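Single-structure report; data block below.
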Amino acid sequence: MTAPRLGLLLDVDGPIASPVTRTIAIPSIVADLVALAAEGVPIVFNTGRSDAFIRQEVVGPLLDGGLAAGGRVHAVCEKGAVWCSIGPQYEGGMSDLAIAEDLALPRDFADEMRELVRAEYADLVFFDETKHAMVSIEQLVEVPNAAYLARQAEFDAKAMAALERRGLGVRRLDDVRPDADGAVQWRVDPTIISTDVESDRSGKDMGAERALELLAQDGELPVTWRTVGDSRSDYAMADWLHANGHDVAHVDVRPADGVPATPYPVLTAPDGVIHDEAGARFLADWRRGA
Numbered sequence: 017m018t019a020p021r022l023g024l025l026l027d028v029d030g031p032i033a034s035p036v037t038r039t040i041a042i043p044s045i046v047a048d049l050v051a052l053a054a055e056g057v058p059i060v061f062n063t064g065r066s067d068a069f070i071r072q073e074v075v076g077p078l079l080d081g082g083l084a085a086g087g088r089v090h091a092v093c094e095k096g097a098v099w100c101s102i103g104p105q106y107e108g109g110m111s112d113l114a115i116a117e118d119l120a121l122p123r124d125f126a127d128e129m130r131e132l133v134r135a136e137y138a139d140l141v142f143f144d145e146t147k148h149a150m151v152s153i154e155q156l157v158e159v160p161n162a163a164y165l166a167r168q169a170e171f172d173a174k175a176m177a178a179l180e181r182r183g184l185g186v187r188r189l190d191d192v193r194p195d196a197d198g199a200v201q202w203r204v205d206p207t208i209i210s211t212d213v214e215s216d217r218s219g220k221d222m223g224a225e226r227a228l229e230l231l232a233q234d235g236e237l238p239v240t241w242r243t244v245g246d247s248r249s250d251y252a253m254a255d256w257l258h259a260n261g262h263d264v265a266h267v268d269v270r271p272a273d274g275v276p277a278t279p280y281p282v283l284t285a286p287d288g289v290i291h292d293e294a295g296a297r298f299l300a301d302w303r304r305g306a
């Protein structure tokens with residue numbers, strides 16, 4: 017069996033789904049993903065999103081766009097805590113879920129965050145009821161992003177305090193300092209449209225590891241990888257692949273956060289194109305064999 021020429025590890029929000037509409041807004045993205053899967057290119061969506069979001073906003077359009085059975089398409093959701101396979105051979109387009117229960121937050125913490133949203137932030141965000149392990153609070157679509165970002169840190173501080181009251185070690189994603197006894201268990205990860213509270217063991221690197229475990233079960237691993245994301249945390253996909261001996265380049269579709277020094281190439285779209293418009297350009301290039 018010949019190894020595929022390319023493998024794709026794709027964040028969803030930003031490169032694939034518009035961060036404004038939270039849907040796949042560019043039709044060529046679906047067409048190119050379907051064509052690449054038909055060619056035998058492995059595609060894994062490596063995301064913090066829930067399986068319910070992927071089913072509705074990604075799997076549905078792919079099936080409608082003609083995704084064929086037998087393609088090597090998978091999803092790793094909630095940053096490694098939930099995973100499944102995708103295709104028309106499965107009921108609803110997705111296989112049964114695998115869930116890492118040891119990565120789930122305490123239920124009483126989730127209940128407190130749900131009540132906090134209801135009592136103080138219902139005009140700004142919603143509590144994502146579809147998550148199995150993470151706790152996610154997301155900006156309402158009708159709310160201006162600037163208004164959301166102005167209050168995000170306030171919510172994040174309350175989430176951290178709630179974990180600390182329970183005696184649980186917690187850090188912000190951008191704080192690389194361990195706590196005094198090294199007992200960090202959870203972290204708070206603010207994005208441009210949400211805050212995720214998650215296990216400190218989860219992440220896009222764990223998602224990459226899960227992705228290769230899935231692909232090892234259905235064929236040869238690719239010769240070359242492209243990882244795609246819109247935040248600094250997405251670089252962890254390429255970090256993991258490079259550290260484990262794979263040829264990889266990372267595509268940053270929102271490089272305004274700054275492109276770090278890496279031991280692998282980092283690609284950005286020309287002309288200042290970002291988010292799903294940049295994702296669409298790269299997918300079109302890869303479909304043509306570029």
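According to my numbering, the sequence shown is numbered sequentially starting from 17.
Glycine residues also receive a C-beta, built at the ideal position from the N, C-alpha and C atoms.
Since this is a predicted model, take the numbers as computed values, not measurements.
Measure the CB-CB distance between residue i and residue j and report whether it falls below 7 Å.
i: Pro238; j: Gly23; result: yes
i: Gly81; j: Val57; result: no
i: Met150; j: Glu236; result: no
i: Ala252; j: Gly219; result: yes
i: Ala173; j: Glu128; result: no
i: Val204; j: Val213; result: yes
i: Val267; j: Val244; result: yes
i: Trp99; j: Ala84; result: no
i: Ala227; j: Leu257; result: no
i: Ala277; j: Ala285; result: no
i: Thr240; j: Asp216; result: no
i: Asp48; j: Ala300; result: yes
How would you write the range of the beta strand (DSSP E) that residue i sits in, first residue to last?
i: Val89; result: Val89 to Cys93
i: Gly245; result: Thr240 to Gly245
i: Ser101; result: Val98 to Ile102
i: Ser210; result: Ser210 to Ser215
i: Asn62; result: Ile59 to Asn62
i: His187; result: In the sequence as presented, His is not what sits at residue 187; that position holds Arg. It spans Gly185 to Arg188 - the beta strand (DSSP E) in which Arg187 sits, taken as one unbroken run.
i: Pro206; result: Val200 to Pro206
i: Ala265; result: Asp263 to Asp268
i: Gly308; result: Any question about residue 308 goes unanswered here, given that the chain covers just 17 to 306.
i: Gln155; result: Val151 to Gln155
Where do the N-terminal and C-terminal ends of the alpha helix (DSSP H) with residue i fall, by residue?
i: Gly295; result: His291 to Arg303
i: Ile70; result: Asp67 to Ile70
i: Tyr251; result: Tyr251 to Ala259
CB-CB under 8 Å to residue i, same chain, minus the five flanking residues each way: which ones, in chain order?
i: Ile40; result: Ile32, Ala33, Ser34, Val46, Glu73, Val74, Pro77 and Asp292
i: Lys147; result: Ser66 and Glu94
i: Ser249; result: Leu189, Asp205, Gly219 and Lys220
i: Met110; result: Asp67, Ile70, Arg71, Val75, Ala91, Cys100, Ser101 and Ile102
Classify residue i: buried if its beta carbon has 16 or more other beta carbons within 10 angstroms, exposed otherwise.
i: Asn161; result: exposed
i: Gln155; result: buried
i: Pro20; result: buried
i: Leu165; result: exposed
i: Ala163; result: exposed
i: Arg182; result: exposed
i: Gln168; result: buried
i: Thr37; result: exposed
i: Asn260; result: exposed
i: Val30; result: It should be noted that the sequence gives Gly, not Val, for residue 30. Buried, by the Cβ-count rule.
i: Val60; result: buried
Near residue i, what residues of its chain come up, given a Cβ to Cβ distance below 7 Å and the 5 sequence neighbours on each side ignored?
i: Val159; result: Leu140
i: Phe171; result: Tyr137, Ile153 and Thr211
i: Met176; result: Val186 and Val204
i: Asn62; result: Leu25, Leu26, Asp27, Val92, Lys220, Gly223, Ala224, Ala227 and Met253
Short of 6 Å in beta carbon distance, which residues of its chain neighbour residue i, apart from the five on each side in sequence? Order them along the chain.
i: Arg130; result: Phe143
i: Phe298; result: Val267
i: Ala116; result: Ala97
i: Leu283; result: Ala265 and Val267
i: Leu119; result: Ala97, Ala149, Ser215 and Ser218
DSSP has residue i in a bridge; who is on the other side?
i: Phe142; result: Glu154
i: Leu283; result: Val267
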